[in-house]
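Scroll down for the structure; my scribbles are underneath it.
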Amino acid sequence: MYNYDEIQNCLETKYVGQTFVQFEELKSTHQKAKNISSNCPDGMLVLSEFQENVKLKNNKYWYALNGDNIYLSIIFKTDGKSDYTTQMLQIANVSVLETLKSLDENINCFIKWPNDIYVDDKKICSTFSEYINKKDNSSLIVSIYMNISINEDEDNDIRENINSLRDVLFANINKEILISNILNKIEIYYDELLNKETIDKALNIFRNYNLIINKLLGVKKINKKTVRQVKAISINKYGQIVVKDKNNIESLLNKDEDVIEWWMDDKEA
178 MYNYDEIQNC
188 LETKYVGQTF
198 VQFEELKSTH
208 QKAKNISSNC
218 PDGMLVLSEF
228 QENVKLKNNK
238 YWYALNGDNI
248 YLSIIFKTDG
258 KSDYTTQMLQ
268 IANVSVLETL
278 KSLDENINCF
288 IKWPNDIYVD
298 DKKICSTFSE
308 YINKKDNSSL
318 IVSIYMNISI
328 NEDEDNDIRE
338 NINSLRDVLF
348 ANINKEILIS
358 NILNKIEIYY
368 DELLNKETID
378 KALNIFRNYN
388 LIINKLLGVK
398 KINKKTVRQV
408 KAISINKYGQ
418 IVVKDKNNIE
428 SLLNKDEDVI
438 EWWMDDKEA
């Protein structure tokens, strides 16, 4: 189990992570956070030593691997007027990326839109955000799942596509300090969002470290077979991909479309 005293000793936050609950195993920290969100303090942290495979956006899954990994969710209490789901996804991604960079400035770390962190072309972390707006509960749940170490007996096909922080840095990782550093950054960006209704710095980092810009994409609607080709030219302030089709017509990638492939070359969309 986590040593919360060690987490708190490194926290510089006013509310994020100042209260917490932890478990040895959950179906998902995200679902647990949703279940308790109506009766908990702002910024409450939910931790688990292990969780089951978790469904994310557009029928994608985070596969929980055998090993020593991080599964956490944060509950933000909101005013019920503003849905910051997309902005919080950007904040979570950037906070993780900056924390990893602080461990090693040379780490080859990038964001794969919309919610994955890659190191050396392999996934190391996924984030997820969800807005709850009910009569008795207005909350924003932010979840972060990160591979810290992976057991040697894990399936080789899986290991070919994922990475762990221990494999990248060749060192033991203090999860408590890592978590506290991520939480510190999240609160800074979230406060900026609340006070100024902007996350310009985080958004610039999100754009600069995003793998999808200037790539040719194959996208299709969920549960459909037709694939269309477009080129990603930018990410707007709401985290949406601005794309251009073969006729040079610009549009936004639809919410019900999923990126299924991309190409590195310069062929026409």
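Take 178 as the starting number for the sequence shown in our numbering and just add one per residue. By construction, the Cβ of each residue, glycine as well, lies at the ideal position given by its N, Cα and C atoms.
- The segment 389 to 398 makes no contact with the segment 298 to 315; the number of CB pairs closer than 8 Å stays below 3.
- Per DSSP, reduced to three states, the secondary structure at cysteine 286 is strand.
- Where leucine 188 is concerned, there is no enclosing alpha helix (DSSP H), because DSSP gives it neither an H nor an E.
- The secondary-structure analysis by DSSP pairs glutamate 427 across a beta bridge with Lys421.
- Residue pairing by DSSP places glutamine 199 opposite Leu224 in a beta bridge.
- Under the three-state reduction of DSSP output, aspartate 435 falls in the strand class.
- Around valine 404, the same chain offers Gly395, Lys397 as residues with beta carbons nearer than 6 Å, after the five sequence neighbours per side are excluded.
- If the five residues before and after asparagine 314 are omitted, its C-beta is found closer than 8 Å to the C-beta atoms of Ser214, Ser215, all from its own chain and listed in chain order.
- The residue among Asn285, Asp182, Lys392, Leu266 with its C-alpha nearest the C-alpha of aspartate 422 is Lys392.
- DSSP places tyrosine 366 in the uninterrupted alpha helix (DSSP H) bounded by 352 to 373.
- The count of Cβ pairs closer than 8 Å, one atom from the segment 243 to 254 and one from the segment 348 to 357, reaches three, so the stretches are in contact.
- Taking 8 Å as the cut-off, the Cβ atoms of isoleucine 359 and threonine 276 count as close.
- Boundaries for serine 326: no alpha helix (DSSP H) harbours it, and the DSSP string shows neither H nor E there.
- Under the three-state reduction of DSSP output, alanine 409 falls in the strand class.
- If you check the CB distance, valine 193 and alanine 210 do not come in under 8 Å.
- With 16 or more other CB atoms across the displayed protein chains lying within 10 angstroms of its CB, proline 291 is buried.
- By the CB criterion at 8 Å, tyrosine 386 and leucine 274 fall inside the cutoff.
- By the beta-carbon neighbour count (other beta carbons within 10 angstroms, threshold 16), glutamate 438 is exposed.
- Under DSSP, threonine 304 forms a beta bridge with Ile321.
- Annotation for tyrosine 295: Phe287, Lys289 place their beta carbon closer than 6 Å to its own, counting only its chain and skipping 5 residues before and after.
- The DSSP-derived three-state label of isoleucine 382 is helix.
- For leucine 388, there is no enclosing beta strand (DSSP E), as DSSP marks it with neither H nor E.
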